[in-house]
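Comments concern the structure below.
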Amino acid sequence: METAAIYHRPDSEYAYLYKTDKFHIRLRTKKGDANKVNLISGDPYAHGTQKWYKKDKPMKLAMSTDIHDYWMIETYEKTKRIAYCFHIEGVDGLEVLYGDRGVFPFTDEYLEDANTFFRMPYLHEVDQVKTPEWVKETVWYQIFPERFANGDKTNDPAGTLPWGSKKHPGRDDFYGGDLQGVLDHLDYLVELGINGIYFCPLFKAKSNHKYDTIDYYEIDPDFGDKELFKKVVQEAHKRGIRVMLDAVFNHLGMDSMQWQDVLENQEHSRYKDWFHINQFPVESLADLSVEELENVGDLSYDTFAFTGHMPKLNTANPEVQEFLLDVTTYWIKEFDIDAWRLDVANEVDHHFWKKFYQASVALKEDFYILGEIWHSSQSWLQGDEFHGVMNYAYTETIQSFFMKETISANKMVAGLNEQLMLYRNQTNEVMFNVLDSHDTARLLTVSKDNKQLAKAGLAFMFTQHGSPCIYYGTEIGMDGFNDPDCRKCMIWDEEKQDSNMLSFTKELIAFRKTNQELLSYGEVEWFDVRDDEKVIGFKKKFGNEEFVCYFNQGEEDLELSLDQIPEVLFWNLAFLDNKLLSVKQNGFAIYKVE
Numbered sequence: 058m059e060t061a062a063i064y065h066r067p068d069s070e071y072a073y074l075y076k077t078d079k080f081h082i083r084l085r086t087k088k089g090d091a092n093k094v095n096l097i098s099g100d101p102y103a104h105g106t107q108k109w110y111k112k113d114k115p116m117k118l119a120m121s122t123d124i125h126d127y128w129m130i131e132t133y134e135k136t137k138r139i140a141y142c143f144h145i146e147g148v149d150g151l152e153v154l155y156g157d158r159g160v161f162p163f164t165d166e167y168l169e170d171a172n173t174f175f176r177m178p179y180l181h182e183v184d185q186v187k188t189p190e191w192v193k194e195t196v197w198y199q200i201f202p203e204r205f206a207n208g209d210k211t212n213d214p215a216g217t218l219p220w221g222s223k224k225h226p227g228r229d230d231f232y233g234g235d236l237q238g239v240l241d242h243l244d245y246l247v248e249l250g251i252n253g254i255y256f257c258p259l260f261k262a263k264s265n266h267k268y269d270t271i272d273y274y275e276i277d278p279d280f281g282d283k284e285l286f287k288k289v290v291q292e293a294h295k296r297g298i299r300v301m302l303d304a305v306f307n308h309l310g311m312d313s314m315q316w317q318d319v320l321e322n323q324e325h326s327r328y329k330d331w332f333h334i335n336q337f338p339v340e341s342l343a344d345l346s347v348e349e350l351e352n353v354g355d356l357s358y359d360t361f362a363f364t365g366h367m368p369k370l371n372t373a374n375p376e377v378q379e380f381l382l383d384v385t386t387y388w389i390k391e392f393d394i395d396a397w398r399l400d401v402a403n404e405v406d407h408h409f410w411k412k413f414y415q416a417s418v419a420l421k422e423d424f425y426i427l428g429e430i431w432h433s434s435q436s437w438l439q440g441d442e443f444h445g446v447m448n449y450a451y452t453e454t455i456q457s458f459f460m461k462e463t464i465s466a467n468k469m470v471a472g473l474n475e476q477l478m479l480y481r482n483q484t485n486e487v488m489f490n491v492l493d494s495h496d497t498a499r500l501l502t503v504s505k506d507n508k509q510l511a512k513a514g515l516a517f518m519f520t521q522h523g524s525p526c527i528y529y530g531t532e533i534g535m536d537g538f539n540d541p542d543c544r545k546c547m548i549w550d551e552e553k554q555d556s557n558m559l560s561f562t563k564e565l566i567a568f569r570k571t572n573q574e575l576l577s578y579g580e581v582e583w584f585d586v587r588d589d590e591k592v593i594g595f596k597k598k599f600g601n602e603e604f605v606c607y608f609n610q611g612e613e614d615l616e617l618s619l620d621q622i623p624e625v626l627f628w629n630l631a632f633l634d635n636k637l638l639s640v641k642q643n644g645f646a647i648y649k650v651e
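Sequential numbering from 58 applies to the sequence shown in my numbering.
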């Protein structure tokens, strides 16, 4: 047994309070190395009197990657104090004890030493990572406001183009999408099954994407005004739809009052410490084109990426903190929004996000905070900053198998399991899952225009832990390459929509909502994964409920001879003949058996 691969860390995703009286403990070992793992645990103050160290509790092999196994147990001590260690038996017959001081022979000498054990000194409920329940029940719809619907032509900016007039929109095109357009189509979202809207930025800005904020306190006049936005929120809430706004707190736009003051007064500006300015004078980039601003190279001040029109805010500055926290609470208090999505969240300091979290949840206990992070995010998900992140690392693994075909079936499963083991279960339950967005090529394009493949990817994502999101237009078969092509105008002409894709999406969302508890909380068992045949078979279990999911990406039909006729919950390109279930390429079947 390779003992160097054994790993555990207390008070982390390896040991955490899941519910008030449910404590989760995980252990990592080398894949295939351990025959069994048992937990030895009890109250640390009763170690010498009750001698609980003489009893083992079996841990379950919960998940595996291509290099590690993860073992898990749910336990608790009524005194809310836990000392514990692991009894590991290798496939080679070696038995070891793994505790706070490392790996030792499994003998009474070490078990009788109280210092051997890991400890959680007291399980404070206030320290439990809490996540909003409603997010688990939510199917999101991402709206890029400038391209969703033009409901009011009187607020169209100068130079507005006819709706959808370009096959491939340019980076600085305007088409007149606005909040009235959203209001006009709320019932469309209800019919689709949506109960959460994620808006890309609505605040006053110069660009069509609005990530270059001019004024955080104003709705961009191209979209409407605050009175109209309040109505949108109220009407959404009447329909059971939650509303999430996009907060761009990493940087301001170069047309903001604060940055303009810096350009005018240079080192004498009262806002000079609001930014990361490395030397003066600071140069104005007002004469550059939109394309030129996207990659300006080195400047005398820090920016988002190399975009010269987005100077980076100094969120360590108390004045900046006070300003941004006031913005944060203003939109919650005045407009009753339900969530913030935080742009470039990984480039803002942790100290600020902790203050942001406290300010937000103080106003709404079940407020949802979502960070835009594309990589492993443990340090932001400890319960005092974000509830979840845009789960790109997870969903890109799905794309890599289904659409890009760059990894095998087992490698996808390994990647998904690895991601799930990075976070506590309650965090996985509210991660934000997307297969396309305003920052990526559209799902249909990534699927090489194969709509059956796109359906398979969507269905697979909807069976996973987390809160799924549809990017506007995906449900009607819209395509598009990377930004700005993925930001095409929504197609409202029903004759140009893919009605089959729309019907499929409605059925998929209904399936998700009907089976939400099992999909959110259920344990995953990857029981039939075949690399050569490109087949994925897994079970989801929660309480007494269980169903089976099969996805076939291979060229040959998948034929399953079942013991009994299944109850089919949702399928595509699949057929049932008595007890014989056939699944074609890019097809799937989700079913129950008694």
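Just so it is clear, CB atoms sit at the ideal spot from N, CA and C, and this is done for glycine as well. Everything numeric in this text was worked out from a predicted model, so none of it was measured.
Item	Value
Residues bridged to Pro115 [DSSP beta-bridge criterion]	Asn95
The alpha helix (DSSP H) enclosing Ser222, as first and last residue numbers	No alpha helix (DSSP H) contains Ser222, which DSSP labels as neither H nor E.
Any 3 or more C-beta pairs closer than 8 Å across the region 591 to 606 and the region 542 to 556	no
Check: Trp331 C-beta below 7 Å from any heavy atom of the ligand FMN	With respect to small molecules bound, the structure shown includes none, and the ligand FMN cannot be examined in it.
Close beta carbons around Asp113, own chain, < 8 Å, minus the five adjacent residues each side	Asn95, Leu96, Ile97 and His144
Status (buried if at least 16 other CB within 10 Å, exposed otherwise) for Ser313	buried
Assigned secondary structure, Ile548 (DSSP; H/G/I helix, E/B strand, else coil)	coil
Option in Glu248, Pro219 and Ala62 with minimal Cα separation from Phe561	Glu248
Host alpha helix (DSSP H) of Pro202 (start-end)	Pro202 to Phe205
Whether Gly227 touches Asn207 by CB criterion (8 Å)	no
Status (buried if at least 16 other CB within 10 Å, exposed otherwise) for Gly89	exposed
Three-state class that DSSP yields for Trp628 in the structure shown	strand
4-residue-minimum alpha helix (DSSP H) runs that sit fully inside the region 336 to 393, ordered along the chain	347 to 350 and 375 to 392
Residue range of the unbroken beta strand (DSSP E) whose run includes Asp244	That residue, Asp244, is in no beta strand (DSSP E); its alpha helix (DSSP H) goes Leu243 to Leu249.
For Leu492 and Gln439, believed in contact at Cβ under 8 Å, the rounded distance	With 8 Å as the limit, Gln439 and Leu492 do not qualify as a contact, their Cβ atoms being about 27 Å apart.
Limits of the unbroken alpha helix (DSSP H) element including Glu453	Tyr449 to Phe459
Among Thr211, Lys108 and Gly234, nearest to Trp220 - alpha-carbon criterion	Gly234
Length of the line joining the Cα atoms of Tyr418 and Lys210	Note on identity: in this sequence residue 418 is Val, with Tyr being the wrong assignment. Cα-Cα distance, rounded: 38 Å.
Residue of His125, Thr77 and Ile464 minimising C-alpha distance to Tyr133	Thr77
Inside the region 267 to 296 only - beta strand (DSSP E) runs reaching at least 3 residues	270 to 276
Environment of Ser357 [buried if 16+ CB atoms lie within 10 Å]	exposed
Cβ-Cβ distance between Glu532 and Phe627 below 8 Å	no
Beta-carbon proximity check, Leu240 vs Lys287, cutoff 8 Å	no
Spatially closest choice to Tyr64 from Val148, Tyr75 and Trp128, by CA coordinates	Trp128
Collapsed DSSP secondary structure at Phe409 in the structure displayed	helix
Proximity to Tyr449 [Cα-Cα], best of Arg83, Val153 and Phe489	Phe489
Cβ pair count under 8 Å reaching 3, the region 144 to 164 against the region 172 to 184	yes
Extent of the continuous alpha helix (DSSP H) run through Arg83	From DSSP, Arg83 is part of no alpha helix (DSSP H) but of the beta strand (DSSP E) over Lys79 to Lys87.
Selection from Arg299, Lys421, Asp355 and Ala511 that minimises the alpha carbon distance to Tyr198	Arg299
Bridge-paired residues (DSSP) for Arg158	Arg158 is not bridged to any residue.
Residue burial classification, Gly644 (beta-carbon count within 10 angstroms, cutoff 16)	buried
CA nearest to the CA of Tyr73, picked from Glu59, Asp229 and Leu180	Leu180
Cβ pair Asp588, Ser494 closer than 8 Å	no
Length of the line joining the Cα atoms of Asp496 and Asn92	45 Å
Glu486 vs Tyr425 beta-carbon contact at 8 Å	no
Alpha carbon of Asp536 to alpha carbon of Phe260, nearest angstrom	27 Å
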